[in-house]
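Residues in the sequence shown are numbered from 155 upward in steps of one, following the numbering used here.
We put the CB at the ideal spot given by N, CA and C, even for glycine.
Working notes, beginning with the structure itself.
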Amino acid sequence: MSTTTNTIYTFATQQISIYLGIPILIGGILGGILNIIVFLSLQTFRESSCAFFLTIMSFVNIGQLITGLLSRVMISGFGVDWTETSIFYCKFRISCLQFCALTSYTCMCLATIDQLLATSLQPRWQQCLNLKKAYRLCAMFFFIWLLHSIPSLIWYNLSLSVRTGKIGCVITNSIFQQYFTYVYLLILAGILPIIINITFGSIAYLRTGKIGCVITNSIFQQYFTYVYLLILAGILPIIINITFGSIAYCNVRQIPYRTIPLVRRELDKQLTTMVLVQVVFKVFVIVPYITVLCVINTANLLSSSINITQLTFANFVTGIMYYLYFATPFYIYISVSKRFRQQFIHVISITFVKRWKRQIVGINRVSTEEQQQ
């Protein structure tokens, strides 16, 4: 490919990073904070196990955006790659991205299953998952995904790449390289790499001769691609979400005929709608990236018939789209749920405005008393 064409792709990548990546980053963090405020401010949500899962998901989504998308914007938009100079950041970033992404996927799956049980026609299933069990499930998966991120802390290092002869952040254990490629990438984190910085940095930099944070162990590379990406972060969460979400939707249609309190009935309908729309959106933003990623990992990029620049650009664009999954939950909830919009307005305009007014009144009262003295 000509130098001019390469320059065009580089320029397009930079512009997309700045003018699309930054708004997604800012909007996603703001939306996550607003989600947390609404879920924690209203007793209706504080007593719901599904809302608890969505709250935890909001926290880790913010972590994913800060750790992953921020780095991608800095690398592609401003040419600043901290993994080239900091071994700590090289290890921490990848481990944090894996933990946040898998925790977010898990919470989404648990929220879907929770709504399936909550909308069941069988009373015993309705009470199957409560807040106490939700706490235990989250704690258990926190521990599992923390353990899962430990190998990245050990086997990601700044090392000389065998393929490029350049120094980069790579995996130095062959078994972990296979796991990382075939288990983590394709199974656990699948379809749109949770972390553009891991896959994009590892594969693209490795194959274009640039310095980057890459995997140096062939076995871990296989695990990352086919187990983590395809199964754990791709196929498995989607199957769980679609299966249980579809059943929950069928159950929701029977809610008007159930003899349960009106508040609980409306809450079940609201949460089920919010979760199901997010599941559908997740499929659309994940499939393009997993497709590109599979091409990158299975094709021989050293062949002259394959254009590395075009694949790298496609991987970058679909990777940016992938981060929409972590950035858009609040805006999805606002769009599809009239009740959530009312709750958001109530929390912002009443709870915080009244609190601000009380503070102003207190300040004025103190000033008046000081003047009288």
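Please report how far the alpha carbon of residue i lies from the alpha carbon of residue j, in whole angstroms.
i    : j    : result
I229 : A265 : 34 Å
I210 : T167 : 32 Å
L256 : I502 : 31 Å
T237 : Y310 : 11 Å
L208 : T161 : 42 Å
I216 : M475 : 16 Å
T158 : F470 : 19 Å
R278 : K287 : 15 Å
Y163 : I267 : 43 Å
Do residue i and residue j have their C-beta atoms closer together than 8 Å?
i    : j    : result
V446 : T463 : no
G175 : R226 : yes
S249 : V214 : no
T426 : Q269 : yes
V431 : I486 : yes
F136 : Q424 : Not covered by the structure: residue 136. The range shown for the chain is 155 to 527.
L285 : E201 : yes
S203 : L283 : yes
Since I believe residue j is in contact with residue i (beta carbons under 8 Å), could you give me their beta-carbon distance rounded to a whole number of angstroms?
i    : j    : result
F435 : T482 : 7 Å
Y477 : L188 : Not quite, the Cβ-Cβ distance comes to about 18 Å (not below 8 Å), so this is no contact.
S212 : G186 : 5 Å
A107 : D422 : Because the chain here runs from 155 to 527, residue 107 falls outside it and cannot be looked at.
Could you pull out every residue in the same chain whose Cβ sits closer than 8 Å to the Cβ of residue i, ignoring the five residues on either side in sequence?
i    : result
L224 : L179
W299 : Q252, F253, L256, T257, T260
Take the Cβ of residue i as the centre, count every other Cβ of all protein chains shown within 10 Å, and call the residue buried at 16 or more, exposed below.
i    : result
Q169 : exposed
T466 : buried
Y289 : exposed
G222 : buried
L291 : buried
R247 : buried
I499 : exposed
V433 : buried
V507 : exposed
L386 : buried
Taking 6 Å as the limit between beta carbons, can you name the residues of its chain near residue i, skipping five residues before and five after?
i    : result
S303 : S249, Q252, F253
F199 : F193, A205
F295 : T260
V234 : M228
Among residues of its own chain, excluding the 5 on either side of residue i, which ones have a beta-carbon nearer than 7 Å to its beta-carbon?
i    : result
Y173 : none
I307 : The sequence shown places Leu at residue 307, rather than the Ile named in the question. Taken in chain order, the residues that qualify are K245, S249.
P391 : Y259, M262, C263
I191 : V501
L196 : Q497, V501
S489 : none
F480 : G182, N215, Q218, L219, S258
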